[in-house]
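J.:
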Amino acid sequence: MATIENHLIELLPRKDRLHLLAICEPVQLVPGNVLCEPGKATRHVYFPIDGFISLFTLVDGTSALEVGMVGREGMLGAELALGVATVPLHALVQREGAAWRIGSRAFRRELAVNPALLRGINRYLYVLMAQLAASAACLRYHLIAPRLARWLLMSQDRAQSDRFRVTHEFLAYVLGVRRVGITAAAGNLQRNGLIEYRRGALKVLDRKGLEAAACSCYAEDRHAYAQFLQ
């Protein structure tokens, strides 16, 4: 893993970046692996490179709803920058890929001597808060089809590819809707020539069209990232 591709790490001055990387270890993110659970101690911090992670809130311990994503633009474990060592959300690897990993103790020590890292994470926390708030409003006010288009765009951004694998069952799970609703919405996107979907293999055919079909939350997400993490 010679090339640094996580955006938060790239934003650091060279000296601070090298200091951070000296305590990192390269790992592979495996789809379906749970990296942390609510209420448990934060054991590791992850900076994804080309994989990404779904963030879920759990309801009564039996149901879950996706409220955010973490890819190369961010990190998992940012709560440590707030002095909190307890995980707030359920984190599930969605797409395989590489990441940098750091133990929580080592990371807290690094925060104490790397002010540029702390500043960057604080800005990322603001953007993540905006994403979580937008997800709550999106669930309440937007229809399934625009929400699905937004989710596909967010996934494409983090996958850095116009092709990825996802099932209707998983889409229904992350969006908190019935599978029949996903089938109808995905079918509509396909008929309009925006995506191609066959046996779990999805391809984005018309990025501009998909952006037009997505709810306003996607554009707001992009604006927040552009404003605070460039």
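The numbering of the sequence shown is numbering that gives the first Met the number 0, which starts it at 0 and goes up by one.
Even glycine gets a Cβ: it sits at the ideal position worked out from N, Cα and C.
How would you call Tyr140, buried or exposed, if buried means at least 16 neighbouring beta carbons within 10 angstroms?
T.: With fewer than 16 Cβ atoms within 10 Å of its Cβ, Tyr140 is classed as exposed.
J.: Tell me Arg162's beta-bridge partners as DSSP assigns them.
T.: Lys202, per the DSSP bridge assignment.
J.: Within the same chain, show all residues whose beta-carbon is closer than 7 angstroms to that of Val176, passing over the 5 residues directly before and after it, in chain order.
T.: Once the five neighbours on either side are set aside, the close Cβ partners of Val176 are Ile143.
J.: Would you call the segment 61-81 in contact with the segment 12-24, where contact means no fewer than 3 C-beta pairs closer than 8 angstroms?
T.: Touching, no.
J.: Say whether the segment 116-136 touches the segment 184-198, bearing in mind that this needs 3 or more beta-carbon pairs closer than 8 angstroms, one atom from each stretch.
T.: As far as the Cβ criterion goes, the segment 116-136 does not touch the segment 184-198, which means the pair count is below three.
J.: Mind checking Arg164: buried by the 16 CB within 10 Å criterion, or exposed?
T.: Exposed, because fewer than 16 other Cβ atoms sit within 10 Å of the Cβ of Arg164.
J.: Can you check whether the CB of Ala77 is closer than 8 angstroms to the CB of Leu127?
T.: Cβ distance < 8 angstroms, so Leu127 and Ala77 count as in contact.
J.: Count the other CB atoms, across all protein chains shown, that sit within 10 Å of the CB of Asp59; report buried if there are 16 or more and exposed otherwise.
T.: The residue in question, Asp59, is exposed, as its Cβ has fewer than 16 Cβ neighbours within 10 Å.
J.: If we ignore side chains and look at the alpha-carbon of each, how far apart do Ala213 and Leu79 end up?
T.: Going by the C-alpha atoms only, they are around 33 angstroms apart.
J.: Quick test of your reading: Gln26 and Ser103, contact by CB under 8 angstroms. State the CB separation rounded to the nearest angstrom.
T.: The question names Gln, yet the displayed sequence has Val at residue 26. That belief does not hold up - the Cβ atoms of Val26 and Ser103 are roughly 15 angstroms apart, past 8 angstroms.
J.: Residue range of the alpha helix (DSSP H) that Leu64 falls in?
T.: Taken as a continuous stretch (DSSP letters only), Leu64 belongs to no alpha helix (DSSP H), being part of the beta strand (DSSP E) at Ser62 to Val69.
J.: For the beta strand (DSSP E) that Cys137 lies in, which residues bound it at each end?
T.: Not the beta strand (DSSP E): Cys137 falls in the alpha helix (DSSP H), residues Pro114 to Tyr140.
J.: As a quick exercise: from Ala158, Ile8 and Asp220, pick the residue whose alpha carbon is nearest that of Ser134.
T.: Selected option, being the one with the closest Cα: Asp220.
J.: Below 8 angstroms on the Cβ atoms is my contact criterion, and I expect Glu210 with Lys202 to pass it. Report the Cβ-Cβ distance as a whole number of Å.
T.: So it is not a contact: roughly 16 angstroms between Cβ atoms.
J.: Using the beta-carbon count (16 or more within 10 Å), is Pro30 buried or exposed?
T.: Per the 10 Å Cβ criterion, exposed.
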